[in-house]
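Asks:
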Amino acid sequence: MKAVDNTLTDAADTELSPLTPRPARRPARTRRWIAALVTVAVAAGVAVLVSNLLGDAALFFYNADEAVERRDELASQRFRLQGTPLSEPENTFWNDQPVLAFPVGFDGAVVDVVHTGDPPELFQPGVPVVLEGAWRQGPGPGPVVAGDGWHFASDRMLVKHDNDYRDRDVYDERIYEADQGGALP
Amino acid sequence: MSQAGYVLGAWGVTLAAVGIYAASLVVRGRRLLRRARPEKAG
Amino acid sequence: MTPVGSLATPDEALVASYLGGPARTGSRFTFWLGLATLIGLAAVAALGLLAVPADDVQGDTVRIIFVHVPSALGAYAAFGLTALGSVMWLWRRSVWWDVTAHAGAEVGVLLCGLTLVTGMLWGRPTWGTYWEWGDVRLVTTLILFLVMVGYLSVRALGGDAASVATRAAVVGLVGAVNIPIVNRSVNWWANRTLHQQSSITDGKLEDLTLFTLFLAFVVAAMAICWMMMHRFRIGWLERQLQARDLHDALAARRAEANR
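Chains as they are written, first to last, in my numbering: chain X, 5 to 189; chain R, 92 to 133; chain B, 8 to 266.
Given below as structure tokens:
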């Protein structure tokens with residue numbers, strides 16, 4: 005090609021020849037290889053994510069009432085439970101471990117939670133949380149609110165912020181609402 | 092990291108990415124137009 | 008808006024029109040649009056970072072919504088253009104729409120990536136985690152992002168322009184199917200995501216916060232228009248130059264044969 009170019013062009017600069025491919029920053033072949041690799045990687049990634057979503061891993065949490073309902077079925081299995089903390093947590097000890105004990109509620113059901121580990125910064129009464137752990141028989145160390153002979157032992161906590169944005173003036177109102185929630189069954 | 096760190100991080104990333112992309116568009120456009128000019132390209 | 012419209016003129020006209028013009032893809036319109044965007048951005052930053060009150064629970068991290076939510080909606084809009092452009096390419100073989108689709112994908116990938124990053128930066132202080140693999144909102148957004156990265160990489164694979172456009176259009180439509188899934192995921196699978204449902208449609212934002220968010224939408228829309236116009240002109244110019252190079256090459260071959 006190059007030889008042909010030179011014979012064809014009158015201009016001194018062979019770069020001007022129409023037959024010379026325009027210089028790319030990377031050779032076209034390398035760029036195509038990168039594009040091919042990216043395409044394959046993306047396709048594989050999407051396949052993994054979709055199958056993951058359609059599989060069991062996609063079930064993110066049971067609300068507290070569902071978790072109570074499915075207690076037999078769940079047995080000692082690990083799962084995630086969502087509920088709203090109904091009161092300030094009690095700092096106490098359980099099997100020589102420092103724990104937080106507090107009740108969470110959802111749709112009328114109440115669960116006593118014993119949580120090991122640091123809670124997220126935003127953890128506070130009235131703001132829903134998702135807890136990862138399992139059912140344990142027997143009352144926990146803290147206040148017994150549910151009083152059904154079970155507690156939920158969790159070791160991971162995420163705050164599930166709802167879509168309710170308010171400025172700080174409304175804070176007291178929210179605490180009041182949470183307290184009202186605490187008066188559930 | 093403090094809350095302000097996350098906030099400034101998110102704003103910073105957004106403004107920087109959009110700014111760099113916008114600048115790259117201008118540069119790409121200029122490069123192409125330089126090629127389009129007959130006295131400078133084929 | 009005339010510059011974009013005028014680009015639809017057939018083939019050589021565009022290159023020719025640029026030959027005597029300025030060496031940039033900007034026009035008087037995009038100049039003023041860009042300037043207005045910068046001013047708007049300063050206003051959003053002043054309101055969003057300083058004037059808007061902190062949230063009672065989230066504190067200052069609420070200020071991230073002013074970049075996160077406009078990025079997300081902007082990504083939907085840009086990918087929507089990719090979908091529309093893909094349909095118009097497949098249906099009408101419209102090069103104009105194919106170039107628009109490509110532009111939308113590039114701008115959308117940028118915005119979708121920003122949605123993911125700013126979301127993670129909000130998630131860590133709010134939820135207590137950057138990322139959860141089991142969360143449908145997060146993972147469907149990542150899938151949307153990856154499919155559209157795939158769109159760009161399919162385009163980069165090369166080949167003749169028409170078959171590249173057709174392959175890409177199919178990928179673009181697959182990606183677009185994901186848009187409503189991502190958007191509705193918080194309602195369809197409320198117990199599979201930490202992500203809150205829409206705060207705007209439920210009217211759960213304070214007045215100034217809401218105003219700032221709407222201003223941020225307007226500014227984001229202007230920024231997206233600016234980027235789309237520039238990116239479109241680049242795409243269109245690339246097509247014209249390819250066509251011209253091909254034409255020149257053919258002419259040279261013909262000259263070669265005539266020797």
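From the three backbone atoms N, C-alpha and C, an ideal C-beta is built for every residue, glycine too. Quantities reported herein were computed from a predicted structural model and do not represent experimental measurements.
1) For the stretch 211-226 of chain B and the stretch 153-162 of chain B, state whether three or more C-beta atom pairs, one from each stretch, are separated by less than 8 Å.
2) Within its chain, find whatever has a CB closer than 8 Å to the CB of B:V69; leave out the 5 residues flanking it on each side and keep chain order.
3) Give me whichever residues DSSP pairs with B:G157 in a beta bridge.
4) According to DSSP, simplified to helix, strand and coil, what is B:Y83?
5) Nearest to X:R36 by CA position, among B:H237, B:Q204, B:V171 and B:W196, is which residue?
6) Quick check on X:T124 - is its C-beta less than 7 Å from some C-beta in chain B?
7) What is the C-beta distance between X:V134 and B:L201, in whole angstroms, given that I count them as a contact (C-beta under 8 Å)?
8) Check the Cβ of R:A108 against every Cβ in chain B and list those closer than 7 Å, keeping chain order.
9) Is the beta carbon of B:G111 sitting closer than 7 Å to the one on B:A85?
10) For the beta strand (DSSP E) holding X:R140, just list the boundary residues, first then last.
11) Go ahead and label B:I46 buried or exposed: buried means 16 or more other beta carbons lie within 10 angstroms of its beta carbon, across all protein chains shown.
12) Is there a C-beta anywhere in chain X that falls below 7 Å from the one on B:I150?
13) Tell me, please, whether the CB atom of R:G133 is closer than 7 Å to any CB atom in chain B?
14) Determine the extent of the beta strand (DSSP E) in which X:V114 is found, giving its start and end residues.
15) Just the chain C side, please: which residues come within less than 8 Å of B:L153 by C-beta, in chain order?
16) Starting from X:T96, trace the alpha helix (DSSP H) in both directions and tell me its first and last residue.
17) Please determine, among B:A183, B:R199, B:V177 and B:W233, the residue with the shortest C-alpha to C-alpha distance to X:Y66.
18) What does B:A163 reach in chain X if we use C-beta pairs closer than 7 Å?
19) Give me whichever residues DSSP pairs with X:G1 in a beta bridge.
20) Taking C-alpha atoms, which residue in B:G41, B:R35 and B:T32 lies nearest to B:I231?
21) Considering only residues of the same chain and omitting the five flanking positions on each side of X:L188, which have a CB-CB separation below 7 Å?
22) Give the secondary structure of X:V148 by DSSP, where H, G and I count as helix, E and B as strand, and everything else as coil.
23) For the stretch 123-137 of chain B against the stretch 245-253 of chain B, do three or more pairs of beta-carbon atoms, one drawn from each stretch, fall closer than 8 Å, so that the two count as touching?
24) Look at X:D76 and X:T120 and say whether their C-beta atoms are less than 7 Å apart.
25) Can you tell me whether B:N185 is buried or exposed, with buried defined as 16 or more other CB within 10 angstroms of its CB?
26) Along the stretch 187-199 of chain B, what residues have a CB closer than 7 Å to any CB found in chain X?
27) List the residues of chain B that X:N4 touches, going by C-beta distances under 7 Å, in chain order.
28) Going by C-alpha to C-alpha distance, which of B:V106, B:G81, B:L145 and B:M235 sits closest to B:S93?
29) Near X:P124, which residues of its chain fall below 7 Å by C-beta distance, leaving aside the five closest residues on each side in sequence?
30) Compute the Euclidean distance between the alpha carbons of X:F83 and B:F218, then round it to the nearest angstrom.
31) Mind checking who X:H275 pairs with in its DSSP beta bridge?
32) State the Cα-Cα distance for the pair X:A47 and R:V109, rounded to the nearest angstrom.
33) Is the beta carbon of X:F156 sitting closer than 7 Å to the one on X:L85?
34) Is the Cβ of X:T88 closer than 7 Å to any Cβ of chain B?
35) Do you know offhand how far R:V117's Cα is from B:G242's?
36) Based on Cα-Cα distance, which residue from X:P143, X:S91, X:A79 and X:D122 lies nearest to X:P107?
Replies: With the given structure in hand:
1) no
2) Here residue 69 of chain B is taken as the residue at index 62 of the third sequence, counted from 1. Here the set comprises V59, A61, D62 and T216.
3) Numbered from its first residue, the third sequence carries residue 157 of chain B at position 150. In DSSP, B:G157 forms no bridge with anything.
4) In the third sequence, the residue the question calls residue 83 of chain B occupies position 76. B:Y83 falls in the helix class under three-state DSSP.
5) Residue 36 of chain X sits at position 32 when you count from the first residue of the first sequence. If we check each option's Cα against that of X:R36, B:V171 comes out closest.
6) The residue labelled residue 124 of chain X in the question sits at position 120 within the first sequence. With the sequence shown as reference, residue 124 of chain X is identified as Pro, and Thr is not the correct amino acid for it. Interface residue, yes.
7) Within the first sequence, residue 134 of chain X is the residue found at index 130, counting from 1. Within the third sequence, residue 201 of chain B is the residue found at index 194, counting from 1. Contact flag correct, Cβ pair sits at about 7 Å.
8) The residue given as residue 108 of chain R occupies position 17 in the second sequence. What R:A108 touches in chain B: L117 and L121.
9) For the purposes of this step, residue 111 of chain B is identified with residue 104 of the third sequence, where counting begins at 1. For the purposes of this step, residue 85 of chain B is identified with residue 78 of the third sequence, where counting begins at 1. Result yes, Cβ atoms of B:G111 and B:A85 sit closer than 7 Å.
10) Translated into the one-based positions of the first sequence, residue 140 of chain X becomes position 136. Note, X:R140: beta strand (DSSP E), V133 to Q141.
11) Locating residue 46 of chain B in the third sequence gives position 39, where the first residue counts as 1. When all chains shown are included, B:I46 counts as exposed.
12) Against the third sequence, residue 150 of chain B aligns to sequence position 143. Yes, contact with chain X.
13) Locating residue 133 of chain R in the second sequence gives position 42, where the first residue counts as 1. Confidence in R:G133 is poor, its pLDDT being 41 and thus under 50, which makes the residue's placement unreliable; the coordinate value appears in the next sentence. Taking Cβ atoms only, chain B reaches closer than 7 Å to R:G133, which makes this a yes.
14) Locating residue 114 of chain X in the first sequence gives position 110, counting from the first residue. From DSSP, the beta strand (DSSP E) with X:V114 extends over A113 to T120.
15) Included in the structure are the protein chains X, R and B, with no chain C among them.
16) By 1-based counting over the first sequence, the position of residue 96 of chain X is 92. No alpha helix (DSSP H) holds X:T96; the beta strand (DSSP E) holding it covers E94 to W98.
17) What you label residue 66 of chain X is simply residue 62 of the first sequence in a count that begins at 1. When each option's Cα is compared against that of X:Y66, the closest is B:R199.
18) By one-based count along the third sequence, residue 163 of chain B stands at place 156. Those are R35 and A39, listed as they occur along chain X.
19) Residue 1 of chain X lies beyond the residue range present for chain X, which begins at 5 and ends at 189; the question has no answer from this structure.
20) Position 224 of the third sequence, counted from the first residue, corresponds to residue 231 of chain B. It is B:G41.
21) Numbered from its first residue, the first sequence carries residue 188 of chain X at position 184. Only weak support exists for where X:L188 lies, its pLDDT of 40 falling under 50; the value from the coordinates is given anyway. Cβ within range, chain order: G109, G112 and V114.
22) Residue 148 of chain X sits at position 144 when you count from the first residue of the first sequence. Coil.
23) no
24) Numbered from 1 along the first sequence, position 72 holds the residue referred to as residue 76 of chain X. Numbered from 1 along the first sequence, position 116 holds the residue referred to as residue 120 of chain X. Taking the C-beta atoms as reference points, X:T120 is found no nearer than 7 Å to X:D76.
25) Stepping through the third sequence from its first residue, residue 185 of chain B is reached at position 178. Counting Cβ neighbours within 10 Å, B:N185 comes out buried, since at least 16 surround it.
26) N198 and R199
27) The structure shown has nothing for residue 4 of chain X, since chain X only spans 5 to 189.
28) The residue labelled residue 93 of chain B in the question sits at position 86 within the third sequence. For B:S93, the closest of B:V106, B:G81, B:L145 and B:M235 by C-alpha to C-alpha distance is B:V106.
29) For the purposes of this step, residue 124 of chain X is taken as residue 120 along the first sequence, with counting starting at 1. Result list for X:P124: M161, L162 and V163, in chain order.
30) For the purposes of this step, residue 83 of chain X is identified with residue 79 of the first sequence, where counting begins at 1. For the purposes of this step, residue 218 of chain B is identified with residue 211 of the third sequence, where counting begins at 1. Cα to Cα, X:F83 sits roughly 40 Å from B:F218.
31) An answer regarding residue 275 of chain X cannot be provided, because it is not within the stretch 5 to 189 covered by chain X.
32) Within the first sequence, numbered from 1, the residue matching residue 47 of chain X stands at position 43. Within the second sequence, numbered from 1, the residue matching residue 109 of chain R stands at position 18. Looking at the two C-alpha atoms, the distance is approximately 27 Å.
33) Here residue 156 of chain X refers to the residue found at position 152 of the first sequence. Here residue 85 of chain X refers to the residue found at position 81 of the first sequence. Cβ distance < 7 Å, so X:F156 and X:L85 count as in contact.
34) What you label residue 88 of chain X is simply residue 84 of the first sequence in a count that begins at 1. Not closer than 7 Å to any Cβ of chain B, the Cβ of X:T88 fails to qualify, so no.
35) Taking the first residue of the second sequence as position 1, residue 117 of chain R is located at position 26. Taking the first residue of the third sequence as position 1, residue 242 of chain B is located at position 235. Their Cα atoms are separated by approximately 13 Å.
36) By one-based count along the first sequence, residue 107 of chain X stands at place 103. Comparing Cα-Cα distances from X:P107 to each of X:P143, X:S91, X:A79 and X:D122, the minimum goes to X:S91.
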